[in-house]
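Structure, as structure tokens:
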Amino acid sequence: MLSIRHLGKTYANGVRALDDVSLDIPRGMFGLLGPNGAGKSSLMRTLATLQEADRGSATLETAGGKSIDVLRETGLLRRQLGYLPQDFGVYPKVSARDLLNHFAVLKGITTRGQRREVVDALLQQVNLWDVRKRKLGTFSGGMRQRFGIAQALLGDPRLVIVDEPTAGLDPEERNRFLNLLAEIGENVAVILSTHIVEDVTDLCSSMAIMNKGQVLLTGKPADAIAAL
Ligand code: ADP
Ligand code: ADP
């Protein structure tokens, strides 16, 4: 579904964060496992076009069978990609529903009626309906991450990328969050970046291991972990 070819990124300080990264990401849950500094966030930010790659390409197949260059495409087609950054911040004094509505405007969902429908359905999907009117500053870490998934799902993306989403969650919230991701992974491609082996073995149907900007190996979690 997503085909990444020869991505390279060297920062201004000389750190080569992505060193010829090529990956084929299928539908379902894909785990991107690697220690801190491996280049996972650099890859996520590049795919989300928050930073530019020095070289390489990333091509997403749309439902209609077209190919989108996700590194260069802007506008409406960007809605095919959802992103939950590692340092996802929320406005603490705004309610969950109001902020999600605001994100929906930014995503280009312009009609008020359509927005209400989409926003309310997402709040229910991530199990925040009962707290939709509460200010985000009162949310626990797990609730915030589930809110983050709701904003990533706005616009019905084909590909959702989540960067270290379970960091700082207690075991119960972690399980809850991962179960939600697994549900989402039944319909779209999800790339889960993590340094926690269990996040991948519990959940992902395929995976890659990164270190020092390079892909070390790819495959099914059981085979890949055994090969380490
Ligand atoms: P560009 O992508 O245009 O090359 P950079 O992201 O390299 O720009 O520039 C921002 C600067 O921020 C870097 O030169 C670096 O000093 C600093 N920086 C930001 N995040 C990090 C990080 N995680 N590790 C080291 N330096 C960082
Ligand atoms: P991970 O997400 O796997 O922890 P990162 O992509 O954050 O890895 O970092 C990869 C390498 O690039 C690290 O050595 C990090 O310090 C460096 N790095 C990340 N962002 C920047 C930046 N903006 N400027 C300079 N160096 C950076």
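Using my numbering, you'd call the opening residue of the sequence shown number 147 and step up by one each time. Idealized CB from N, CA, C, for every residue including glycine. Note that this is a predicted model, so its numbers are computed, not measured.
Pop quiz: G294 and F249 are said to be a contact at Cβ under 8 Å. What is the actual Cβ separation, rounded to whole angstroms?
Against the sequence shown, residue 294 aligns to sequence position 148. Against the sequence shown, residue 249 aligns to sequence position 103. A Cβ-Cβ distance of about 10 Å is found for the pair G294 and F249, leaving them out of contact under the 8 Å criterion.
Run the Cβ filter for me: residues under 6 Å from any heavy atom of ligand 2, listed in the order they occur in the chain.
Sorted by position in the chain, Y157, N159, V161, A163, G180, N182, G183, A184, G185, K186, S187, S188 make up the residues whose C-beta lies under 6 Å from a heavy atom of ligand 2.
Give me, in chain order, the residues of the same chain whose beta-carbon lies closer than 8 Å to that of L246; leave out the 5 immediate sequence neighbours on both sides.
Translated into positions along the sequence shown, residue 246 becomes position 100. Same-chain partners within the cutoff: V265, L268, L269, F293, A296, Q297, L300.
Can you tell which of P367, L326, S168, V161 has the C-alpha that lies nearest to the C-alpha of M289?
The residue given as residue 289 occupies position 143 in the sequence shown. Of the candidates P367, L326, S168, V161, the one whose C-alpha sits nearest the C-alpha of M289 is L326.
How would you label Y229, buried or exposed, when you count the other beta carbons within 10 angstroms and need 16 or more for buried?
In the sequence shown, residue 229 corresponds to position 83, counting from 1. Around the C-beta of Y229, 16 or more other C-beta atoms lie within 10 Å, and the residue is accordingly described as buried.
State the CB to CB distance for the pair D345 and G177, rounded to an integer number of angstroms; the pair is presumed to be in contact (CB under 8 Å).
Position 199 of the sequence shown, counting from 1, holds the residue named residue 345. Position 31 of the sequence shown, counting from 1, holds the residue named residue 177. With 8 Å as the limit, D345 and G177 qualify as a contact, their Cβ atoms being about 7 Å apart.
Using only CA atoms, which one of S241, A372, D170 lies nearest to I337?
Working through the sequence shown from its first residue, we reach residue 337 at position 191. It is D170.
In the DSSP assignment, find the alpha helix (DSSP H) that holds Q260 and state where it starts and stops.
In the sequence shown, the residue the question calls residue 260 occupies position 114. Following the DSSP letters along the chain, one finds Q260 inside the alpha helix (DSSP H) bounded by residues 258 to 271.
Inter-stretch contact (C-beta, 8 Å, three-pair minimum) for the segment 277 to 289 and the segment 300 to 311:
No: the two stretches stay apart, fewer than three of their Cβ pairs being nearer than 8 Å.
If you drop the 5 nearest sequence neighbours on each side, which residues of the same chain put their C-beta closer than 8 Å to that of A194?
In the sequence shown, counting from the first residue as 1, residue 194 sits at position 48. The residues are L227, Y229, P231, I307.
Since I believe M147 is in contact with R258 (beta carbons under 8 Å), could you give me their beta-carbon distance rounded to a whole number of angstroms?
Along the sequence shown, read from residue 1 onward, the residue named residue 258 stands at position 112. Along the sequence shown, read from residue 1 onward, the residue named residue 147 stands at position 1. Not confirmed; about 32 Å, so no contact.
When we look at the beta-carbon of Q260 and count the other beta-carbons within 10 Å, is it buried (16 or more) or exposed?
Here residue 260 refers to the residue found at position 114 of the sequence shown. Q260 should be labelled exposed.
My output table needs one value for L363: the three-state DSSP class, helix, strand or coil.
For the purposes of this step, residue 363 is identified with residue 217 of the sequence shown, where counting begins at 1. Secondary structure at L363: strand, using DSSP grouped into helix, strand and coil.
So the alpha helix (DSSP H) V306 belongs to, where does it begin and stop?
Start at 1 with the first residue of the sequence shown, and residue 306 comes out as number 160. Secondary structure note for V306: it is in no alpha helix (DSSP H), and the uninterrupted beta strand (DSSP E) holding it is 305 to 309.
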